[in-house]
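Visitor: Dumping the structure here so I can ask a few things about it.
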Amino acid sequence: MGKLTEVTIKLFAFLQDRLGPTVQIEVPTPVKVAVLFDKVSQLDPQLSATLANSRLAVNQEFVDSDEVSLTASDEIAIIPPVSGG
Amino acid sequence: MYYLRISDTPIDVNEMYQKLVDPQYGGIDMFVGTIRQWTGNVETTKIEYSAYQPMAEKQLEKIAAPIEAQGGRVVVAHRTGSLALTDIAVFVGVAAPHRAEAFKWCRFVIDTLKHEVPIWKKEYDTDKVRWGN
Chain A
1 MGKLTEVTIK LFAFLQDRLG PTVQIEVPTP VKVAVLFDKV SQLDPQLSAT LANSRLAVNQ
61 EFVDSDEVSL TASDEIAIIP PVSGG
Chain B
1 MYYLRISDTP IDVNEMYQKL VDPQYGGIDM FVGTIRQWTG NVETTKIEYS AYQPMAEKQL
61 EKIAAPIEAQ GGRVVVAHRT GSLALTDIAV FVGVAAPHRA EAFKWCRFVI DTLKHEVPIW
121 KKEYDTDKVR WGN
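Same order as they appear, the protein sequences are chains A and B. When we follow the numbering used here, the leftmost residue of the first sequence carries the number 1, and every step to the right adds one. When we follow the numbering used here, the leftmost residue of the second sequence carries the number 1, and every step to the right adds one.
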């Protein structure tokens, strides 16, 4: 087992209403995006439907792969379905 | 050069239009999105917009840059904050040498914005509050 890294994750919209603007969780790295989302979902089971449709962004870029390497200094954000315009 | 703004400042259509005026362009297509009262039988009273601002601006640049590389000009302004009925939420303007590109690119910008730019609306209806569409 790799060691865990504590990361800060920015939240927006409904996710932010429920958990505030950021959460800190410990994840292995590299980490599967699904595993990271599951850790956030465990903080509030009501988020699971929104998280299922959310995307991960690292350093303000969408992550398209299933797995990502993270460091404590990365800017990590969960992007729920957008609704601008 | 494109002009992209996400801000709580009210959008002045004429100010945005002036940024698109240039002798090299013969067509300017503009889309103005406003706060609608009725969606079916749901009545909206106001909408609050929020954004992940730095990423939203980066995403807008990704949409605008290829159009500018083809000779167009892109102007986008999106509001944040609390908007009342009829307020302007978004302005998209594209200037191009001819109308076909102006129409095509303007539609591309607003359609892509709605999928790829991290901006969210919190809609206040007469009977509930809800996020998103």
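Ideal placement from N, C-alpha and C gives every residue a C-beta, glycine not left out.
Along the region 65-94 of chain B, where does the CB come closer than 8 Å to a CB of chain C? Name the residues.
Guide: This model lacks chain C altogether, as its protein chains are A and B.
Visitor: Under 8 Å between the Cβ atoms of B/ILE119 and B/ALA51?
Guide: Closer than 8 Å, so yes.
Visitor: Could you name the residues of the region 16-45 of chain A whose beta carbon sits closer than 7 Å to any beta carbon of chain B, in the order they occur along the chain?
Guide: Along the region 16-45 of chain A, there is no position whose C-beta sits under 7 Å from a C-beta of chain B.
Visitor: Looking at the structure shown, is B/HIS78 part of a helix, part of a strand, or coil, going by DSSP?
Guide: strand
Visitor: Just how far apart, CA to CA, sit A/ILE67 and A/VAL27?
Guide: At residue 67 of chain A the sequence reads Glu, which differs from the Ile that was named. Near 12 Å, if we compare the C-alpha coordinates of A/VAL27 and A/GLU67.
Visitor: By Cβ distance below 8 Å, which residues in the same chain neighbour A/LYS3 in space, the five residues on each side in sequence not counted?
Guide: PRO28
Visitor: For A/GLN16 and B/GLY27, what's the separation of their Cα atoms in angstroms?
Guide: If I take the Cα positions, the gap works out to 42 Å.
Visitor: For the structure I just gave you, are there three or more beta carbon pairs, one from the region 41-58 of chain B and one from the region 115-132 of chain B, closer than 8 Å?
Guide: Under the Cβ criterion (8 Å, minimum of three pairs), the region 41-58 of chain B counts as touching the region 115-132 of chain B.
Visitor: Assuming contact is defined by CB atoms lying nearer than 8 Å, are A/SER65 and A/LEU51 in contact in what I supplied?
Guide: Going by C-beta atoms, A/SER65 is not nearer than 8 Å to A/LEU51.
Visitor: What does B/TYR124 reach in chain A if we use C-beta pairs closer than 9 Å?
Guide: The contacting residues do not exist; B/TYR124 stays about 13 Å from chain A at best.
Visitor: Whose C-beta lies closer than 6 Å to the C-beta of B/ASP8 among residues of the same chain, with five residues either side of it excluded?
Guide: THR80 and GLY81
Visitor: Of all the options B/LYS19, B/GLU123, B/PHE31 and B/MET16, which has the alpha carbon lying nearest to the alpha carbon of A/SER83?
Guide: B/GLU123
Visitor: So for B/ILE11, helix, strand or coil by DSSP?
Guide: coil
Visitor: Just list the residues that DSSP pairs A/GLN24 with in beta bridges.
Guide: A/THR8
Visitor: Return no unless some Cβ of chain A is closer than 8 Å to the Cβ of B/ILE119.
Guide: Closer than 8 Å to some Cβ of chain A, the Cβ of B/ILE119 qualifies, so yes.
Visitor: If B/LYS19 sits next to B/VAL76, beta carbons under 8 Å apart, how far is it from one beta carbon to the other, in whole angstroms?
Guide: Not quite, the Cβ-Cβ distance comes to about 10 Å (not below 8 Å), so this is no contact.
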